[in-house]
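Trainee: I have a structure here, written as structure tokens, and I will follow up with some questions on it.
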Amino acid sequence: MAVDEAVAAQPRRRRGPGPRFGLILVAVLALLFGVPWATLFWSGNAWPAPAVIAGTLVFVLAAAAFPVLMFRGHGRHDDRCARIADTTLGVLWVLFVWSLLGQAAGAVLALAGVADPVRSRLVTASVVVVSLVLLVWGHVEAMRVSRVRRVDVTLPRLGRGLDGLRVVLITDTHYGPIDRSRWSRGVVEVVNSLRPDIVAHTGDIADGEVPQRIAQASPLGDVRAELARVYVTGNHEYMSGAQGWVEYMSSLGWEALHNRHLVVSRGGDSLVVAGVDDRTAAGSGVPGHHADHEAALAGADPDLPVLLLAHQPQQISGAVAHGIDLQLSGHTHGGQMWPFHYLVRIDQPVLQGLSRHSERTQLYTSRGTGFWGPPFRIFAPSEITLLTLRSAS
């Protein structure tokens, strides 16, 4: 285990949220609710007083109810409250973003000589129409079975017998408050139609523990692969009974790569398929869980190429340090709802796609197969990834 991993393996002392967190939360909610309210009802629209009062009441009641619904939904596992809270969050995000853009457009109209209330009403109408279109389209994108994204990856150390190896990557299925059992079966059908040699799931299976989400997760047992079905934990497993998910995936016939590896062979050549726990595992308090590349590779032939499963792109530094050929990750969702991807990039080195991080090490980051929380995907489509591995020769 590397020094940084040994330090990370020490469980962190859990502390409750302090006053600073409370102030930040209040400020964020004030912005999310306040900016759309001001754009729609206050800023120069000159709506009749009853309309302003009614709109204000709706926003005030929603702002008061939102934290309660979020706490009951995700803190006490009330799926109905979670669905309402998550949908509200998605609607607010879109209204907030397009209200800001609308205010900028309003400033341009003012410079062009367009006066209120016409100017503000044009802005309001534009914000409402654009938001509605994006929310409807984004919901359809989130709920549909993911499209297949095909990528060829050349690994110079891959033997010729493994040239053309088909690896199907699914990740971030996030089975949650919305029952997506039918969607789950659809994903499995697509995966099987690709005739994979290896199927990999790089974590965030569900928001909830196994008994809550078993109906949605059970179709994963029908996934077929010629050589291996492999899985690693994501950060959401450590909020949802990580060990239970490791054991459940094993019961479905998947190899849970809990800091370990296996070797697959074809045509006289072999590939090490390894996996490490998510980077948040060390601080989760779950016994025996932490990212440990050395344990994952213990006993592996150093001359063989290595395919590594690690939930977060940020774990690529460990892959580079241990000479990994290709790391598969998810976690980012491609940003899920534009322009949230700018915030994701603050925390992660890559948003999506194939990237190189050393002379040997490459990283493929999936936009995710499902979605988290708000049932919307805006300018960040989901994917089932078919990676075809190619040898240099």
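When we follow numbering that gives the first Met the number 0, the leftmost residue of the sequence shown carries the number 0, and every step to the right adds one. A virtual CB, placed ideally from N, CA and C, is assigned to each residue, including glycine.
1) Give a yes or no on whether the minimum CB-CB distance between L100 and chain D is below 8 Å.
2) For T123, which three-state DSSP category applies?
3) Using three-state DSSP, classify H292 as helix, strand or coil.
4) Look up T232 in the DSSP assignment and say whether it is helix, strand or coil.
5) To test your reading of the DSSP string, which unbroken beta strand (DSSP E) runs of 3 or more residues are found completely within the segment 291-341?
6) Assuming L184 is part of the alpha helix (DSSP H), what are its boundary residues?
7) At what residue ranges does the segment 82-130 contain a whole run of the alpha helix (DSSP H), taking only runs of 4 or more?
8) Can you look up R148 in the DSSP assignment and give me helix, strand or coil?
9) Give the DSSP-derived three-state secondary structure of T360 in the structure shown.
10) Do you know whose CA, among W97, G54, A48, lies nearest P338's CA?
11) For E236, is the classification buried or exposed, using 16 other Cβ atoms within 10 angstroms of its Cβ as the cut-off for buried?
12) Which class does D268 belong to by DSSP, given the choice of helix, strand or coil?
13) Using 10 angstroms around the beta-carbon of D171, count the other beta-carbons present and answer buried if the total reaches 16, otherwise exposed.
14) State whether the segment 334-354 contacts the segment 104-115, with contact taken as three or more CB pairs (one from each stretch) at a distance under 8 Å.
15) Does V27 come out as helix, strand or coil in the three-state DSSP assignment?
16) How far does the alpha helix (DSSP H) with A64 in it extend, from its first residue to its last?
17) Give the DSSP bridge partners of E254, in chain order.
18) With H, G and I counted as helix, E and B as strand and the rest as coil, what does DSSP make of H138?
19) Look up G284 in the DSSP assignment and say whether it is helix, strand or coil.
20) Out of L94, L68, F375, P301, state which residue places its alpha-carbon closest to the alpha-carbon of P35.
21) Whose CA, out of T86, S192, Q211, lies closest to the CA of S180?
22) Three or more beta-carbon pairs under 8 Å between the segment 42-59 and the segment 79-89, yes or no?
23) Judging by CA-CA distance, which residue of R159, V305, G43, G252 is the nearest neighbour of V262?
24) Under 6 Å Cβ to Cβ from G372, same chain only, skipping five residues before and after it: list those, please.
Mentor: In this structure, then:
1) Of the protein chains in the structure, only one exists, and it is not chain D.
2) helix
3) helix
4) coil
5) 305-308, 325-328
6) It is Arg, not Leu, that sits at residue 184 in the sequence shown. Counting along the chain, the alpha helix (DSSP H) containing R184 begins and ends at 180-192.
7) none
8) strand
9) coil
10) W97
11) buried
12) strand
13) buried
14) no
15) helix
16) 48-69
17) V229
18) helix
19) coil
20) L94
21) Q211
22) no
23) V305
24) D85
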